[in-house]
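Participant: Chains as they are written, first to last, in this note's numbering: chain C, 216 to 452; chain D, 40 to 283.
Quick reminder that beta carbons are idealized off the backbone N, C-alpha and C, glycines included.
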Amino acid sequence: MQYYQLMGFGPDGWGRDMLAATGMTVAVGVAGFIAGILLGLCGAAAKLSRFASLRMAAEIYTTVFRGVPDLLVIYLFYFGSSSAISAVASLFGAEGFVGAPAFLTGAVAIGVVSGAYQTQVFVGAVQALSKGEIEAARACGMPSFLLFRRIVLPQAIRFAIPGVGNVWQLVLKESALISVIGLVELMRQAQIGAGSTRQPFSFYLTAAALYLLITFVSGLGFRALEQRAMRGVRRAA
Amino acid sequence: MLDLPFLAQTLSTLAGGIPLTLQLTALSVAGGAVLAFGLALMRTSGSVLLDFPARFYIFAFRGTPLLVQIYIIYYGLSQFPALRQSFLWPFLREAYWCAALALALNTAAYSAEIIRGGLNSVGAGQIEAARAFGMSRVLAFRRIILPQAIRQMLPAYSNEIILMLKSTALASTITLMEVTGLAAKLISQSYRPVEVFVCAGVIYLALNFVVARIFAALQRAFSPETREAPAALPGTRIKADCHG
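See below:
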């Protein structure tokens, strides 16, 4: 069978399945990315807080989840939540292993790992603010919350965009690992196709091309966003 | 609550995977460095014909998941009968060499940009001065550009090696039993994911720590001018061999 028939939309074509799986990859990526942003905000708040215990906890969080392979984290969440679910199920008389929902587990695992990276991005963005502006706001008599809302936040968001874009790329590539726990996203779909047609190269190369397409398009998006956020900043020529 | 015998046993089982993890890291970092150096030279050559292929290579390998790259090499290449008959097949048939190859190709794309950044960081004035002294391009590269570029890129490169160390975990998806592979097997046998995760995590964090220390030492060795002069504190004597 020719390549275009194999990946086409005809009766024997895998095009529709591959596109649906691409959608699943984007969906699980976006879910994990949003979870990571929320965790990253909490992590950054903890790292910048006055309390040593919070700073310590955030430090441990970022060190562990940036230092341990993502695959291991995915196994932890999958088997961890599965054994918890199995234990609950056995109370109701079910027997044996009950698998955790792959989408939820995958999104949570990606969220926890990318949250550790986001924490670093947000801390860096807040630290990039000039001290003088914060002192000036204080001198004007702004209370802390108003200072955060008017001075810190708008600028920190601007500084964080490139870093956040990098984390998104990371999340997207990490989402391929969720195939190991059975979620039918792009990688898993390619495995299924490769298995049933014995044309592994065609399927994995197509998957690679689709990943490249997503990273390329979203990269353009983040660059446009960065340009828009930076439109008020004068750059030295 | 804390089952120490189980933790100790898990740790010793997982430690059996450390040699494989380190081998894959070393092989891929060494192979990747050579390839990355070539790519960085192509990127800085100023010739479109050399720059464009390197740019595309970096774009493709940085834009796709490592898992896809590993699968293309390990499973995908078997689709071509010509390759199966070639002299390369004894290597490409082995999961070990496929994993090392995929990791090396992957890290080359990231490292090339690190090396390029290092090369570009050397001031144009210094290169002009070296040329004005009559140094050939090669000599100026070796004596002026390279030593400073290496120093500049060491921190980023140490991050890349730690990333590679973590990435070797993906070799477990193609049957290699390194630390993560053993951990996955233990988890599915014992159903104690948290304990196994903690043990594997300790091993990876310890390895990362060692890499970071080695690079901190290298960084110091490459930046003699930033070290403080040994000050003679009262009651201490500077050892004579400091001057050697």
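1) Within 8 Å (strictly less), CB to CB, does residue 281 of chain D reach chain C?
2) As a quick exercise: from D:233, D:50, D:147, pick the residue whose alpha carbon is nearest that of residue 72 of chain D.
3) With 9 Å as the limit, tell me which residues of the segment 193–214 of chain D have their beta carbon closer than that to any beta carbon of chain C; keep them in chain order.
4) Counting only Cβ pairs nearer than 7 Å, list the residues of chain C close to residue 99 of chain D.
5) Can you tell me which of the three DSSP states residue 257 of chain C falls into?
6) Below 8 Å on the Cβ atoms is my guess for residue 424 of chain C versus residue 418 of chain C; work out the distance and round it to an integer in Å.
7) Any idea what DSSP makes of residue 367 of chain C, helix, strand or coil?
8) Alpha carbon to alpha carbon, what distance is there between residue 179 of chain D and residue 251 of chain C?
9) From this set, D:143, D:118, D:144, which residue's C-alpha is nearest residue 132 of chain D's C-alpha?
10) Go through the segment 41–82 of chain D residue by residue and report every complete run of the alpha helix (DSSP H) that reaches 4 residues or more, in order.
11) Any beta carbon of chain C sitting closer than 8 Å to that of residue 153 of chain D?
12) Residues in its own chain within less than 6 Å of residue 388 of chain C by CB, not counting five upstream and five downstream?
13) Kindly indicate which residue of D:47, D:44, D:80, D:266 has the alpha-carbon position closest to the one of residue 185 of chain D.
14) Could you run through the segment 294–309 of chain C and flag, in chain order, every residue whose CB is less than 7 Å away from some CB of chain D?
15) Roughly how many angstroms separate the alpha carbons of residue 273 of chain C and residue 344 of chain C, rounded to a whole number?
16) Using DSSP with H/G/I as helix, E/B as strand and the rest coil, what is residue 435 of chain C?
17) Cβ atoms of residue 283 of chain C and residue 240 of chain D: under 8 Å apart, would you say?
18) Since residue 156 of chain D meets chain C, which of its residues come closer than 9 Å, beta carbon to beta carbon?
19) Using CA atoms only, rank isn't needed, just tell me which of C:221, C:340, C:365 is closest to residue 351 of chain C.
20) With DSSP as the reference, label residue 212 of chain D as helix, strand or coil.
21) With DSSP run on the structure shown, which of helix, strand or coil describes residue 398 of chain C?
22) Could you tell me whether the Cβ of residue 230 of chain D comes closer than 8 Å to any Cβ of chain C?
23) Taking a contact to mean a Cβ-Cβ separation below 8 Å, would you say residue 243 of chain C touches residue 322 of chain C in this structure?
24) Helix or strand or just coil, what does DSSP make of residue 161 of chain D?
25) Mind checking if residue 432 of chain C is an interface residue toward chain D, Cβ cutoff 8 Å exclusive?
26) On the three-state DSSP scale, how would you describe residue 445 of chain C?
27) Just to check, is the beta-carbon of residue 218 of chain C closer than 7 Å to a non-hydrogen atom of the ligand COA?
28) Between the alpha carbons of residue 267 of chain D and residue 181 of chain D, how many angstroms are there, rounded?
29) So, is the C-beta of residue 233 of chain C closer than 8 Å to a C-beta in chain D?
30) Alpha carbon to alpha carbon, what distance is there between residue 135 of chain D and residue 93 of chain D?
31) Identify the contact partners of residue 236 of chain D in chain C, using a Cβ-Cβ distance below 7 Å as the criterion.
32) Just tell me which of D:210, D:176, D:259 has its CA closest to the CA of residue 84 of chain D.
33) Just the Cα atoms here: how many angstroms apart are residue 69 of chain D and residue 143 of chain D?
34) Have a look at residue 188 of chain D and residue 169 of chain D and give me their C-alpha separation to the nearest angstrom.
35) Inspect the beta-carbon positions of residue 257 of chain D and residue 193 of chain D and report whether they are closer than 8 Å.
36) Smallest Cα separation from residue 312 of chain C: which of C:367, C:277, C:294?
Facilitator: Concretely, from the data shown:
1) Within the second sequence, residue 281 of chain D is the residue found at index 242, counting from 1. Only weak support is given to the placement of residue 281 of chain D: the predicted model assigns it a pLDDT of 47, under 50, and the question is left unresolved by the model.
2) Reading the second sequence from its first residue, position 33 is the one you call residue 72 of chain D. The shortest Cα separation from residue 72 of chain D among D:233, D:50, D:147 belongs to D:147.
3) 201, 204, 205, 206, 207, 208, 209, 211, 212
4) For the purposes of this step, residue 99 of chain D is taken as residue 60 along the second sequence, with counting starting at 1. Ordered by position in chain C, the residues that pass the 7 Å Cβ test against residue 99 of chain D are 427.
5) Looking up residue 257 of chain C in the first sequence gives position 42. DSSP places residue 257 of chain C in helix when its eight states are reduced to three.
6) By one-based count along the first sequence, residue 424 of chain C stands at place 209. By one-based count along the first sequence, residue 418 of chain C stands at place 203. Residue 424 of chain C to residue 418 of chain C, Cβ: 11 Å. No contact.
7) In the first sequence, the residue the question calls residue 367 of chain C occupies position 152. In the structure shown, residue 367 of chain C sits in a helix (DSSP, three-state: H, G or I).
8) Along the first sequence, one-based indexing puts residue 251 of chain C at 36. Along the second sequence, one-based indexing puts residue 179 of chain D at 140. Spanning the two alpha carbons is a distance of roughly 46 Å.
9) As a working mapping, residue 132 of chain D is identified with position 93 in the second sequence. If we check each option's Cα against that of residue 132 of chain D, D:118 comes out closest.
10) 43–54
11) Counted from its first residue, the second sequence places residue 153 of chain D at position 114. Not closer than 8 Å to any Cβ of chain C, the Cβ of residue 153 of chain D fails to qualify, so no.
12) Locating residue 388 of chain C in the first sequence gives position 173, counting from the first residue. Here the set comprises nothing.
13) Along the second sequence, read from residue 1 onward, the residue named residue 185 of chain D stands at position 146. Among D:47, D:44, D:80, D:266, the Cα nearest to that of residue 185 of chain D belongs to D:80.
14) 294, 295, 298
15) Position 58 of the first sequence, counted from the first residue, corresponds to residue 273 of chain C. Position 129 of the first sequence, counted from the first residue, corresponds to residue 344 of chain C. Each residue's alpha carbon lies about 21 Å from the other.
16) Here residue 435 of chain C refers to the residue found at position 220 when the first sequence is read from its first residue. Here residue 435 of chain C sits in helix by DSSP.
17) Here residue 240 of chain D refers to the residue found at position 201 of the second sequence. Here residue 283 of chain C refers to the residue found at position 68 of the first sequence. Yes, they are a contact pair.
18) The sequence position of residue 156 of chain D within the second sequence is 117, counting from 1. By Cβ distance, chain C contributes nothing, its closest Cβ being about 15 Å from residue 156 of chain D, past 9 Å.
19) By 1-based counting over the first sequence, the position of residue 351 of chain C is 136. Cα-wise, what sits closest to residue 351 of chain C is C:365.
20) Position 173 of the second sequence, counted from the start, is the residue given in the question as residue 212 of chain D. Residue 212 of chain D: helix per DSSP, three-state reduction.
21) Against the first sequence, residue 398 of chain C aligns to sequence position 183. Residue 398 of chain C: coil per DSSP, three-state reduction.
22) On the second sequence, position 191 is the one that residue 230 of chain D refers to. Taking Cβ atoms only, chain C reaches closer than 8 Å to residue 230 of chain D, which makes this a yes.
23) As a working note, residue 243 of chain C is residue 28 in the first sequence. As a working note, residue 322 of chain C is residue 107 in the first sequence. Yes.
24) Indexing the second sequence from 1 puts residue 161 of chain D at position 122. Looking at residue 161 of chain D - three-state DSSP - the assignment turns out to be coil, as it is neither helix nor strand.
25) Within the first sequence, numbered from 1, the residue matching residue 432 of chain C stands at position 217. It does not; no Cβ of chain D falls within 8 Å.
26) Here residue 445 of chain C refers to the residue found at position 230 when the first sequence is read from its first residue. Residue 445 of chain C falls in the coil class under three-state DSSP.
27) No copy of the ligand COA occurs in the structure displayed, which carries no ligand at all.
28) Numbered from 1 along the second sequence, position 228 holds the residue referred to as residue 267 of chain D. Numbered from 1 along the second sequence, position 142 holds the residue referred to as residue 181 of chain D. Roughly 27 Å between the two C-alpha positions.
29) For this step, residue 233 of chain C is matched to residue 18 along the first sequence. It does not: the Cβ of residue 233 of chain C has no partner Cβ on chain D nearer than 8 Å.
30) The sequence position of residue 93 of chain D within the second sequence is 54, counting from 1. The sequence position of residue 135 of chain D within the second sequence is 96, counting from 1. Residue 93 of chain D and residue 135 of chain D: Cα-Cα distance of roughly 26 Å.
31) To locate residue 236 of chain D, count along the second sequence from 1; it is residue 197. Near residue 236 of chain D (Cβ distances below 7 Å), the residues of chain C are 287, 291.
32) Taking the second sequence and counting its residues from 1, one reaches residue 84 of chain D at position 45. That would be D:176, whose Cα lies nearest to the Cα of residue 84 of chain D.
33) Here the question's residue 69 of chain D lines up with position 30 in the second sequence. Here the question's residue 143 of chain D lines up with position 104 in the second sequence. Distance between the alpha carbons of residue 69 of chain D and residue 143 of chain D: 8 Å.
34) For this step, residue 188 of chain D is matched to residue 149 along the second sequence. For this step, residue 169 of chain D is matched to residue 130 along the second sequence. Distance between the alpha carbons of residue 188 of chain D and residue 169 of chain D: 15 Å.
35) Translated into positions along the second sequence, residue 257 of chain D becomes position 218. Translated into positions along the second sequence, residue 193 of chain D becomes position 154. In this structure, residue 193 of chain D lies closer than 8 Å to residue 257 of chain D by Cβ.
36) Position 97 of the first sequence, counted from the start, is the residue given in the question as residue 312 of chain C. Selected option, being the one with the closest Cα: C:294.
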